[in-house]
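Protein chains: 2
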Amino acid sequence: MYYSQFLSHVCMPHAVLLQPTKSWSSSKSNAGTKVGHCSKVPRNVNLEKLRSGYLFPEISRHEAEHLQKNPDESLIRLGIGDTTHPIPDTITLAMAEHVHGLSTIQGYRGYGAEQGNMALRKAIAGKFYQDMGIEADEIFVSDGAQCDISRLQLLLGPNVTVAVQDPSFPAYIDSSVVVGQAGELEEETGKYGNIIYMNCGPENNFFPDLSATPRTDIIFFCSPNNPTGHAASRQQLKQLVEFARANGSIIVYDSAYAVYIRDESPKSIFEIPGAREVAIEISSFSKFAGFTGVRLGWTVVPEELKYSNGFPVIKDFNRIVCTCFNGASNIAQAGGLACLSTDGYQALCKVIGYYMENAKILVDGFKSVDLKVYGGKNAPYIWVHFPGLNSWNVFGEILQKTNIVTVPGRGFGPAGEEYIRISAFGQREHILEASRRLQFYL
Amino acid sequence: MYYSQFLSHVCMPHAVLLQPTKSWSSSKSNAGTKVGHCSKVPRNVNLEKLRSGYLFPEISRHEAEHLQKNPDESLIRLGIGDTTHPIPDTITLAMAEHVHGLSTIQGYRGYGAEQGNMALRKAIAGKFYQDMGIEADEIFVSDGAQCDISRLQLLLGPNVTVAVQDPSFPAYIDSSVVVGQAGELEEETGKYGNIIYMNCGPENNFFPDLSATPRTDIIFFCSPNNPTGHAASRQQLKQLVEFARANGSIIVYDSAYAVYIRDESPKSIFEIPGAREVAIEISSFSKFAGFTGVRLGWTVVPEELKYSNGFPVIKDFNRIVCTCFNGASNIAQAGGLACLSTDGYQALCKVIGYYMENAKILVDGFKSVDLKVYGGKNAPYIWVHFPGLNSWNVFGEILQKTNIVTVPGRGFGPAGEEYIRISAFGQREHILEASRRLQFYL
Chain B
442 MYYSQFLSHV CMPHAVLLQP TKSWSSSKSN AGTKVGHCSK VPRNVNLEKL
492 RSGYLFPEIS RHEAEHLQKN PDESLIRLGI GDTTHPIPDT ITLAMAEHVH
542 GLSTIQGYRG YGAEQGNMAL RKAIAGKFYQ DMGIEADEIF VSDGAQCDIS
592 RLQLLLGPNV TVAVQDPSFP AYIDSSVVVG QAGELEEETG KYGNIIYMNC
642 GPENNFFPDL SATPRTDIIF FCSPNNPTGH AASRQQLKQL VEFARANGSI
692 IVYDSAYAVY IRDESPKSIF EIPGAREVAI EISSFSKFAG FTGVRLGWTV
742 VPEELKYSNG FPVIKDFNRI VCTCFNGASN IAQAGGLACL STDGYQALCK
792 VIGYYMENAK ILVDGFKSVD LKVYGGKNAP YIWVHFPGLN SWNVFGEILQ
842 KTNIVTVPGR GFGPAGEEYI RISAFGQREH ILEASRRLQF YL
Chain E
442 MYYSQFLSHV CMPHAVLLQP TKSWSSSKSN AGTKVGHCSK VPRNVNLEKL
492 RSGYLFPEIS RHEAEHLQKN PDESLIRLGI GDTTHPIPDT ITLAMAEHVH
542 GLSTIQGYRG YGAEQGNMAL RKAIAGKFYQ DMGIEADEIF VSDGAQCDIS
592 RLQLLLGPNV TVAVQDPSFP AYIDSSVVVG QAGELEEETG KYGNIIYMNC
642 GPENNFFPDL SATPRTDIIF FCSPNNPTGH AASRQQLKQL VEFARANGSI
692 IVYDSAYAVY IRDESPKSIF EIPGAREVAI EISSFSKFAG FTGVRLGWTV
742 VPEELKYSNG FPVIKDFNRI VCTCFNGASN IAQAGGLACL STDGYQALCK
792 VIGYYMENAK ILVDGFKSVD LKVYGGKNAP YIWVHFPGLN SWNVFGEILQ
842 KTNIVTVPGR GFGPAGEEYI RISAFGQREH ILEASRRLQF YL
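Keeping their order, the protein sequence lines are chains B and E.
Each residue of the first sequence is one higher than the one before, counting from 442 in the working numbering.
Each residue of the second sequence is one higher than the one before, counting from 442 in the working numbering.
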């Protein structure tokens, strides 16, 4: 460590030492003794606005702390929505074959197209967008939906206005703050300025009241929704597309859980006529194929989607993908192709069915103790209402008393207060045990 | 396609049709007949500033066009710097083992830490940063250096000033433009406003005249340099660190080619005392291990690096990595760990030696026809001077006459004019043939 060599270069004003910027606690500096050189580079104002700690690592931190204090308890993780089921052989064999090929002259592959292998792009178009007019050229393979959300934000830039479902997957809002679309965080409401929070709860069938929603440039919309598990109906999505067309908005539609839909709800926004001119869709192999650690996803940007000046959005997105990304791992892409083969897809449908049976077990368990429970029918998430309670307290108490990790609804937005999200990803024995423990506790 | 259904929703003013925004040519719209719905979302002004087409896909496009016109010619690709040598068995076996594990309950892994597996972070710290005081906690595993450059730009935000070597890897400048750090592109000079171009050529031993360089917040510095192949000496890097310390600047140091250094030049900026408080280092397994398609890299952010308000940069970078990224593929990470095993590293050193023999063959070939040639000693790139000539013309003529793909120096910045970059990645027979063809042609 060179740290001690430059103690003479103290540049930090004493006032700053006593008043660390918000969300900053450093034992070294708070001690007020050893302060080395610091740069004259200003901290990014957007990051200064950002709430400290992204939700899911925070949950993992709570989990680790609990484990440390209670090393002998059998923890059940129904928190961050991590897949648990092994990947079917037919898919891992394809990846292993690709890997072995990399050690041969014939099979070695270096850089691929930034947009992804054409065979995979075609397979995605064929499997998920048949009869929707989506061409392989409009599909950009990614290393996952969360990563592409940030690349989309780089595309959109700081000067667009944004609406999100409340509650929703926190990456939409956090990435909006990072690129500078948001105002300050209002402590009282828990909302950022300049962002429209579209309330989605049981009182409106988890679909925003669009007649009361102001126009924004961008509308983030996730269906089946994470965390509520609600899949928007065709009628609801028709309204959404109509609303976007009327307002000249662009919908960023997250369909990462679409394969979990069991009823007639649309699996893609592009099932809705007119969506091609108003929507981008992001999706993922993570929950579809257990690729949470393998990393693979995709984004669809239709040719017809245009900025107000008529410039095609796809051209800018292509530029971003080529400049800020270098393609998904070719091994993951080989796996993705195998997922979409007849055998691979069939095997995955079984896994998805297994998780959805888990969901049913959890839903039934909560219902049996007379709690209001949502989701779990078209999504692997169960959204449980604890009227009048603080969701972080509920989260903490469930963890403490049952050794089950969940996610406090508040982490998904102000409207998530009083709720917790429970994931149905898990081995059956753990799900049964969790359901037993929860019923006993509740 | 729903395109034709909405012809009535014409929103694009006629004037825009006749005057497409710069770098925009769409046959559909230029025809001036069919114009569908377009949004009211403004195009990101940063992307409007950006030169159309990222360099390397442009090169690939030229290559593909040439191949289409000349399908019978044997093309040799010494352009985009793509690795060609198979990955040593010991590494692919480790990846295949990991892949097979994913199909078992014991071996299945879902989400990993966003920052990377701790075993890999420790191995990187041990192999590349021994005795430099870099801890595993300061290493963030990524899916490659180009991707992390953009994540660093998200970290830094639009309000920092930036200096880059000229010529340099185009992702630095392009990503600066994307996040809004740059001014307009000046057609005459080929430079963006607000960016300091630090000229690096034979006249200054490829190191900028720092006494004439204005202070900036950020200094992008790549060594061994892409494209010139120059590895900065210890003396030069000491000057650079001193300059950054004096100015309160942060160096973003790109060491993606460090393993190619054959002489005593530092392989990391952290070999220089005082660098921990002024530098971030980005690096990659791409050229080290042939992972261009597998995708793996890392970034080092030392604990001591601080913004002007004393806030540690590492905390913000950690937030960005958790919010905008979800970890590198766990298969690639298993491979990375194998690269750093004794066997893996030895095998890779042989591959690197092979590429460097290629480089010597190319350098000798150019010297034999009395061209001024740089690089190729500490890097797999050869930088060849064609005094008075336009580099795109040289590129085109070499492609036309010898069927060899290179990269025009101009693509790396204004100071790259009159140069071409030639990559030493290739199979020996192709390198020998390329050298023969080039000598004959030149």
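We treat Cβ as the ideally placed atom computed from N, Cα and C, and that holds for glycine.
Go ahead and pull the three-state DSSP assignment for residue i.
{"i": "residue 658 of chain B", "result": "coil"}
{"i": "residue 639 of chain B", "result": "strand"}
{"i": "residue 556 of chain B", "result": "coil"}
{"i": "residue 701 of chain E", "result": "helix"}
{"i": "residue 502 of chain E", "result": "helix"}
{"i": "residue 889 of chain B", "result": "Because chain B is modelled from 442 through 883, residue 889 of chain B falls outside the range shown and cannot be assessed."}
{"i": "residue 796 of chain E", "result": "helix"}
{"i": "residue 832 of chain E", "result": "helix"}
{"i": "residue 422 of chain B", "result": "Since the first and last residues shown for chain B are 442 and 883, residue 422 of chain B lies out of range."}
{"i": "residue 598 of chain B", "result": "coil"}
{"i": "residue 409 of chain E", "result": "Because chain E spans 442 through 883 in this model, residue 409 of chain E falls outside it and cannot be assessed."}
{"i": "residue 470 of chain B", "result": "Legend: pLDDT at residue 470 of chain B = 40, less than 50; position of this residue unreliable, value from coordinates given subsequently. It is helical."}
{"i": "residue 842 of chain B", "result": "helix"}
{"i": "residue 695 of chain B", "result": "strand"}
{"i": "residue 647 of chain B", "result": "coil"}
{"i": "residue 590 of chain E", "result": "helix"}
{"i": "residue 801 of chain B", "result": "helix"}
{"i": "residue 539 of chain B", "result": "helix"}
{"i": "residue 733 of chain E", "result": "coil"}
List the residues of chain B that residue i touches, going by C-beta distances under 7 Å, in chain order.
{"i": "residue 749 of chain E", "result": "479, 480, 481, 482 and 483"}
{"i": "residue 675 of chain E", "result": "Those within 7 Å of residue 675 of chain E in chain B number zero; the least Cβ separation is about 16 Å."}
{"i": "residue 878 of chain E", "result": "Neighbours of residue 878 of chain E on chain B: none; closest Cβ ~22 Å, over 7 Å."}
{"i": "residue 527 of chain E", "result": "543, 544, 545, 546 and 549"}
{"i": "residue 495 of chain E", "result": "760, 763 and 764"}
{"i": "residue 623 of chain E", "result": "The contacting residues do not exist; residue 623 of chain E stays about 13 Å from chain B at best."}
Anything in chain B within Cβ reach of residue i, meaning under 8 Å, just list it in chain order.
{"i": "residue 849 of chain E", "result": "Near residue 849 of chain E there are no residues of chain B at all, since even the closest Cβ is about 18 Å away, more than 8 Å."}
{"i": "residue 661 of chain E", "result": "Within 8 Å Cβ-Cβ: nothing; residue 661 of chain E doesn't reach chain B, min ~13 Å."}
{"i": "residue 719 of chain E", "result": "478 and 480"}
Name, please, each residue of chain B whose Cβ falls closer than 9 Å to the Cβ of residue i.
{"i": "residue 524 of chain E", "result": "549, 551 and 552"}
{"i": "residue 502 of chain E", "result": "Within chain B, no residue comes near residue 502 of chain E; the closest Cβ sits about 11 Å away, beyond 9 Å."}
Name the chain E residues whose beta carbon is nearer than 8 Å to that of residue i?
{"i": "residue 541 of chain B", "result": "533 and 537"}
{"i": "residue 616 of chain B", "result": "764 and 765"}
{"i": "residue 487 of chain B", "result": "598"}
Round the Cβ separation of residue i and residue j to the nearest angstrom and send it over; I've been treating them as touching at under 8 Å.
{"i": "residue 880 of chain E", "j": "residue 806 of chain E", "result": "5 Å"}
{"i": "residue 480 of chain B", "j": "residue 679 of chain E", "result": "Not really, about 18 Å apart at Cβ, beyond 8 Å."}
{"i": "residue 802 of chain E", "j": "residue 519 of chain E", "result": "Contact flag wrong, Cβ pair sits at about 12 Å."}
{"i": "residue 772 of chain B", "j": "residue 539 of chain B", "result": "6 Å"}
{"i": "residue 619 of chain B", "j": "residue 488 of chain B", "result": "7 Å"}
{"i": "residue 560 of chain B", "j": "residue 778 of chain B", "result": "6 Å"}
{"i": "residue 691 of chain E", "j": "residue 735 of chain B", "result": "Incorrect: roughly 34 Å between the Cβ atoms, too far for contact."}
{"i": "residue 604 of chain E", "j": "residue 657 of chain E", "result": "4 Å"}
{"i": "residue 533 of chain E", "j": "residue 784 of chain E", "result": "About 12 Å; that fails the 8 Å criterion."}
Could you work out which residues of chain E lie near residue i, taking near to mean beta carbons separated by less than 7 Å?
{"i": "residue 691 of chain B", "result": "480 and 482"}
{"i": "residue 733 of chain B", "result": "551 and 552"}
Starting from residue i, find everything on chain E with Cβ-Cβ shorter than 9 Å and list it in chain order.
{"i": "residue 588 of chain B", "result": "584, 588, 765, 766 and 767"}
{"i": "residue 684 of chain B", "result": "Neighbours of residue 684 of chain B on chain E: none; closest Cβ ~13 Å, over 9 Å."}
{"i": "residue 664 of chain B", "result": "By Cβ distance, chain E contributes nothing, its closest Cβ being about 19 Å from residue 664 of chain B, past 9 Å."}
### the segment 603-610 of chain E contacting the segment 842-854 of chain E, beta-carbon criterion three pairs below 8 Å
yes
### Message
For the structure I just gave you, are there three or more beta carbon pairs, one from the segment 787-802 of chain E and one from the segment 516-531 of chain E, closer than 8 Å?
### Response
yes
### Message
Under 8 Å: do the segment 749-759 of chain B and the segment 486-498 of chain B share three or more Cβ pairs, one atom per stretch?
### Response
no
### Query
Per the contact definition of three or more C-beta pairs closer than 8 Å, is the segment 802-820 of chain B in contact with the segment 587-604 of chain B?
no
### Any 3 or more C-beta pairs closer than 8 Å across the segment 713-720 of chain E and the segment 506-519 of chain E
no
### Task
Would you check if there are 3 or more beta carbon pairs closer than 8 Å linking the segment 650-657 of chain B to the segment 622-631 of chain B?
no
### Query
Are there three or more Cβ pairs, one per stretch, closer than 8 Å when the segment 687-697 of chain E is compared with the segment 724-732 of chain E?
yes
### Task
Could you tell me whether the segment 664-683 of chain B touches the segment 707-714 of chain B, using the rule of 3 or more Cβ pairs below 8 Å?
yes
### Query
Is the segment 733-750 of chain B touching the segment 574-588 of chain B in the sense that three or more CB pairs, one from each, lie closer than 8 Å?
yes
### Query
Got a sec: which bits of the segment 773-789 of chain B sit with their beta carbon under 7 Å from any beta carbon on chain E, in order along the chain?
773
### Query
What are the residues of the segment 645-656 of chain E that lie near chain B, defined by any Cβ-Cβ distance shorter than 7 Å?
none
### Message
Any C-beta of chain E within less than 9 Å: which residues of the segment 589-600 of chain B qualify?
### Response
590, 591, 592, 594, 595, 596, 597, 598, 599 and 600
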